[in-house]
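For reference, the structure is listed below as structure tokens.
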């Protein structure tokens, strides 16, 4: 049975294919359209997923979408009658629902001649989020939490996952939202683009939480563990806030009200200097988010008495807060999948649908390659890696090298094919150790926003100037944003204050104080690092590269940043080569081909 999962008509549009309970393919539309956070209907991602599974639309049994316009109808009606928002807001919501109802028409337009004869399943937004994490986690029983901006009229949901069932026991409804709080303050701080919240998270360690008392006026914590906003400081609840995707680029209108500027002072313009009080506000925003987040988690642990938790929704991308769960809450184990935000809802909707249809038909669950022990599920395929996207064979790479040979040579580059993997990794590690910047393109593209060793730019973490080198040669991004360490799992405890599994770069740990001077390029100003734990069994080539670097330098870590230049992460070998040629990258490794730019 094939289930096509979709996140559509929203930022980070995405698609996946579930084949008898196994994720066969998953990708975000932005990687094909080359527009960050692409919004709308993910037709190209769908086409690729079908091709990867070797099927056509006619072979799909079920389509699952991570939105249900019928969800929480009584809440919506009650809010409209009691609060009387402006008519434009109501009309905008009705138009959005109409777009979401036109799925069959979208499929017909995108795949003319193909006939879809299966069923369409609408899965409530937060149930899809919860399922996107819990139903691919290793836990037999766990607290499940989803926090984001809004979806289907709620901004958060929580409950319990047991075996293959999820019970939702609590929600936070519109207009209250931690995601809107963080996004509005991100805009206030002069970062206006969709998805800019990570910049506030990176800026926060440079400040002090001097404005936390004001933040506590904006967000109030409730006795049941939930939260609410003081809506005086926001606009989204009473007037239409533009959410547009002209040309696929999502943009959100100003969420904060003039009262917020009355509380905190004038908003920063996007090109204005970053002053200390901006950094202090960023730190206060992060502190307030964590205060609300851990208030909820402590209440849930007291209620459920469970040691495991799964986190999903856009706010689960807050890797700083995620990294403190074990230290600052009673939970002992935490799982966050690689696409925790709305893209991940495609997998969640597909998994919910697969479970429902499977149980209705009496079909067996998929058998994992290795049964899991203890409190871990023995009949579930766990997402222990994110390598679910497009891949390209040696014939594609060879054809590209032949086609572009003259262009490569004009840039004074040499090309060599190295079929011995050990030699390839040793030579690449040597380049990194010499301070060169290496583009590393291997295997299947990662699912989710993080580069995890298959579409990565690699650097030497020991060089204090490596951040400046990367920003000068390639990235050209804000100097306060940190770069991430990829570390061999076997050595995590030697370099970090915690020893955990962080395969998707979704948690920030403190680097051991005595190690920080050794790896300054991946040590943030507060001594932290957003690490990726690398495993030999899930990515043997990337593991071998880092091991070769360890053998040469004694450091089992490389600096890892996404393979892009102010664009979505590269998807194809041609895009990787284009990025290499238009930047000042030193080395490009595409599968077994190494291109080296001659010095000078």
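In this note's numbering, the protein residues as written are 16 to 615.
Ideal placement from N, C-alpha and C gives every residue a C-beta, glycine not left out.
Contact set for residue i: own chain, Cβ-Cβ below 7 Å, skip 5 residues either direction
{"i": "residue 75", "result": "17, 19, 131, 133"}
{"i": "residue 510", "result": "502, 526, 527, 530, 572"}
{"i": "residue 473", "result": "447, 453, 455, 573, 574, 575"}
{"i": "residue 388", "result": "Note that residue 388 scores 39 on pLDDT, short of 50, meaning its location in the model is unreliable and no value can be drawn from it."}
{"i": "residue 627", "result": "Absent from the structure is residue 627, since the part of the chain shown begins at 16 and ends at 615."}
{"i": "residue 372", "result": "16, 77"}
{"i": "residue 304", "result": "193, 197, 333, 336"}
Classification of residue i by the beta-carbon crowding that lies within 10 angstroms, buried from 16 upward
{"i": "residue 83", "result": "buried"}
{"i": "residue 518", "result": "buried"}
{"i": "residue 504", "result": "buried"}
{"i": "residue 385", "result": "Only weak support exists for where residue 385 lies, its pLDDT of 46 falling under 50; the coordinates are left without a value."}
{"i": "residue 464", "result": "buried"}
{"i": "residue 487", "result": "exposed"}
{"i": "residue 417", "result": "exposed"}
{"i": "residue 121", "result": "buried"}
{"i": "residue 22", "result": "buried"}
{"i": "residue 415", "result": "buried"}
{"i": "residue 137", "result": "buried"}
{"i": "residue 51", "result": "buried"}
{"i": "residue 612", "result": "buried"}
{"i": "residue 522", "result": "buried"}
{"i": "residue 599", "result": "exposed"}
{"i": "residue 37", "result": "exposed"}
{"i": "residue 491", "result": "exposed"}
{"i": "residue 285", "result": "exposed"}
{"i": "residue 408", "result": "exposed"}
{"i": "residue 423", "result": "buried"}
8 Å Cβ cutoff met for residue i and residue j
{"i": "residue 294", "j": "residue 240", "result": "no"}
{"i": "residue 301", "j": "residue 216", "result": "yes"}
{"i": "residue 363", "j": "residue 144", "result": "yes"}
{"i": "residue 481", "j": "residue 470", "result": "no"}
{"i": "residue 79", "j": "residue 365", "result": "yes"}
{"i": "residue 263", "j": "residue 558", "result": "no"}
{"i": "residue 324", "j": "residue 157", "result": "yes"}
{"i": "residue 401", "j": "residue 478", "result": "no"}
{"i": "residue 548", "j": "residue 507", "result": "yes"}
{"i": "residue 433", "j": "residue 580", "result": "no"}
Rounded straight-line distance, which links the Cα of residue j to that of residue i
{"i": "residue 607", "j": "residue 171", "result": "45 Å"}
{"i": "residue 245", "j": "residue 440", "result": "55 Å"}
{"i": "residue 308", "j": "residue 333", "result": "10 Å"}
{"i": "residue 194", "j": "residue 166", "result": "11 Å"}
{"i": "residue 254", "j": "residue 269", "result": "11 Å"}
{"i": "residue 73", "j": "residue 63", "result": "15 Å"}
{"i": "residue 541", "j": "residue 496", "result": "12 Å"}
{"i": "residue 118", "j": "residue 55", "result": "11 Å"}
{"i": "residue 81", "j": "residue 552", "result": "32 Å"}
{"i": "residue 148", "j": "residue 327", "result": "6 Å"}
{"i": "residue 404", "j": "residue 93", "result": "43 Å"}
{"i": "residue 32", "j": "residue 203", "result": "39 Å"}
{"i": "residue 476", "j": "residue 566", "result": "15 Å"}
{"i": "residue 186", "j": "residue 411", "result": "49 Å"}
{"i": "residue 340", "j": "residue 124", "result": "45 Å"}
{"i": "residue 533", "j": "residue 252", "result": "49 Å"}
{"i": "residue 329", "j": "residue 26", "result": "11 Å"}
{"i": "residue 361", "j": "residue 150", "result": "13 Å"}
{"i": "residue 209", "j": "residue 259", "result": "11 Å"}
{"i": "residue 348", "j": "residue 184", "result": "21 Å"}
{"i": "residue 61", "j": "residue 29", "result": "8 Å"}
{"i": "residue 48", "j": "residue 169", "result": "30 Å"}
Close beta carbons around residue i, own chain, < 6 Å, minus the five adjacent residues each side
{"i": "residue 299", "result": "224, 226, 227, 230"}
{"i": "residue 247", "result": "274"}
{"i": "residue 390", "result": "For residue 390, the pLDDT reaches just 47, beneath the cut-off of 50, and the residue's location in the model is therefore unreliable, although a value from the coordinates is still provided. Only 155 meet the Cβ criterion."}
{"i": "residue 296", "result": "226"}
{"i": "residue 160", "result": "173, 326"}
{"i": "residue 442", "result": "none"}
{"i": "residue 556", "result": "457"}
{"i": "residue 314", "result": "240"}
{"i": "residue 595", "result": "454, 603"}
{"i": "residue 219", "result": "297, 298, 301"}
Any non-hydrogen atom of the ligand GDP within 7 Å of residue i CB
{"i": "residue 185", "result": "This structure does not include the ligand GDP; it has no bound ligands of any sort."}
Within-8 Å CB hit, residue i to chain B
{"i": "residue 289", "result": "No chain B is part of this structure, which consists of one protein chain only."}
Close Cβ partners of residue i (< 8 Å) along its chain, the five nearest in sequence each way excluded
{"i": "residue 198", "result": "164, 212, 267, 270"}
Practice item. Pick out the complete alpha helix (DSSP H) segments inside the region 515-571, 4 residues or longer, and give them in chain order. Key: For secondary structure counted as the alpha helix (DSSP H) over 4 or more consecutive residues, the region 515-571 holds these complete runs in sequence order: 555-568.
Review point. Considering only residues of the region 117-151, which uninterrupted beta strand (DSSP E) runs meet the minimum length of 3 residues and lie entirely inside it, listed in chain order?
Key: The qualifying runs are 134-137.
Review point. Which ranges would you report for the beta strand (DSSP E) in the region 334-405 if only whole runs of at least 3 residues count?
Key: List check, beta strand (DSSP E) in window: 348-350.
**Study point:** Contiguous beta strand (DSSP E) assignments of at least 3 residues, all confined to the region 152-237
**Key:** Runs found: 156-166, 169-177, 180-188, 234-236.
Review point. Which residue spans inside the region 445-520 form an unbroken beta strand (DSSP E) run of at least 3?
Key: Taken in chain order, the complete beta strand (DSSP E) segments of 3 residues or longer contained in the region 445-520 are 453-456, 470-474, 499-503.
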